[in-house]
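The structure appears below as structure tokens.
In this note's numbering, the protein residues as written are 5 to 288.
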């Protein structure tokens, strides 16, 4: 801001020019004031509006804040209230503990002077380590036909992968049910079970386990197809770097999951065959 001129020293023409410039400045300031007033009203309206949540906007659920859980009521029964874990019906070992002397005055105590005061279980996991069976196949030359022979391995101990059915079942369960990745499954086998198994060996093992589950899958499909009510839906899935669809068919007694490269009705036709349920629920 500059000091205003002394109006007494200005001529009429200079005063007119000053008034015109001041009118121009006032008009410019009025325009700026209108724009700032509108902006202020917009900000105030935005602040007064409720915050955006997954319930009232397109905000994804992952960005929403969950409400605090209400405080739980106090447990009845005072310091000795609550419930203890039920004792095991058949413990592996029982330890009877009796005092040799009074902890207060060191007076010797006999077993007959004591009665049972407390009973509880202590649970531990047994040492986990793989069980390795070395197979030694003997053979030789038949003294009758002079042909070489080798003893046949017992069932379950045939040549091939060194990992047996128990390892296969555990890997299939952890990978299929709990979605443990190959890398983490390999580390888990090594760190928890002391079993070194590569990711490639796991892939082969899971493929063998999957082939053995085909029979169970057919049984599940038969139960779903026999259901009077069937619900089906599909979602996208990636298989070996390609787009597939994971279909689920839900019956009264079973649920069938199947992967297919198609989203068309042909998958439904191939799954249900000639069966026609009384009610079929789908979002087609």
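Cβ atoms here follow ideal geometry from the backbone N, Cα and C, with glycine treated the same way.
Since we're looking at a predicted model, the values are computed, not measured.
Selected residue, minimal CA-CA separation from residue i, among the options
i, options, result
"residue 95", "127, 75, 213, 249", "127"
"residue 117", "125, 195, 106", "106"
"residue 250", "114, 237, 50, 257", "237"
"residue 141", "124, 50, 157", "157"
"residue 93", "76, 100, 125", "125"
"residue 179", "213, 45, 151, 264", "213"
"residue 133", "123, 223, 60, 196", "196"
"residue 298", "276, 285, 241, 245", "The requested residue 298 does not occur in the structure, where the chain is confined to residues 5 to 288."
"residue 121", "100, 130, 109, 112", "100"
"residue 194", "183, 171, 182, 181", "171"
Residue i in three-state terms, based on DSSP
i, result
"residue 27", "helix"
"residue 108", "coil"
"residue 16", "helix"
"residue 136", "coil"
"residue 35", "helix"
"residue 57", "coil"
"residue 200", "coil"
"residue 144", "strand"
"residue 222", "helix"
Continuous beta strand (DSSP E) stretch holding residue i: start and end
i, result
"residue 195", "Residue 195 -> not in any beta strand (DSSP E); alpha helix (DSSP H) instead, spanning 186-197."
"residue 252", "246-254"
"residue 152", "152-154"
"residue 262", "259-264"
"residue 285", "283-285"
Contact under 8 Å by Cβ, residue i with residue j
i, j, result
"residue 139", "residue 161", "yes"
"residue 202", "residue 281", "no"
"residue 186", "residue 207", "yes"
"residue 233", "residue 283", "yes"
"residue 279", "residue 271", "no"
"residue 64", "residue 55", "no"
"residue 235", "residue 254", "yes"
"residue 210", "residue 155", "no"
Residue i: first and last residue of the uninterrupted alpha helix (DSSP H) it sits in
i, result
"residue 214", "203-216"
"residue 178", "169-180"
"residue 239", "Element bounds for residue 239: not the alpha helix (DSSP H) but the beta strand (DSSP E), 233-243."
"residue 273", "269-276"
is_contact[residue i, chain C] using C-beta, thresh 8 Å
i, result
"residue 238", "Absence of chain C from the displayed structure is noted, only one protein chain being present."
Quick check: the segment 184-192 against the segment 159-171, are at least 3 beta-carbon pairs closer than 8 Å?
no
State whether the segment 254-274 contacts the segment 210-230, with contact taken as three or more CB pairs (one from each stretch) at a distance under 8 Å.
yes
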